[in-house]
Amino acid sequence: MTSEFATTNVYTIRQIDSQKTVLSEKQVEAVSSEAAAKQLKQVVDDTDKIEVTLNGETVNEMGVSYWKQRIRRR
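So in the working numbering, the last spot in the sequence shown is 73, and the numbers never skip.
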């Protein structure tokens, strides 16, 4: 398999609290929104959900417990 099929994009990962305040924002380069979420190492206190955007559009969002169980896998 060649790397020509693995096009990367710049995603923004936002950690948002229950009041919809952005607690943290980080840009990462990844091949998919799930791959971008996997680059998040830890969650800021009081985070309610994690949102992954591409070009300003939300392409993935998940709760903290889902991220811990399915994405982080530790």
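Built from N, CA and C at the ideal position, the CB exists for glycine as well.
At the level of alpha carbons, what is the spacing between residue 48 and residue 9?
So the alpha carbons of these two residues sit roughly 20 Å apart.
Tell me the rounded alpha-carbon separation between residue 36 and residue 53.
Computed Cα separation, rounded: 12 Å.
Given a threshold of 16 other Cβ atoms within 10 Å of its Cβ, counted over all protein chains shown, does residue 57 qualify as buried or as exposed?
It counts as exposed.
Specify, as a first and last residue, the run of the beta strand (DSSP E) that residue 25 falls within.
Residues 21 to 29.
Restricting to Cα atoms, I'd like to know which of 67, 6, 7 and 11 is closest to residue 55.
That would be 11, whose Cα lies nearest to the Cα of residue 55.
Just verifying my parser: in three-state terms, what is the DSSP assignment at residue 43?
Here residue 43 sits in coil by DSSP.
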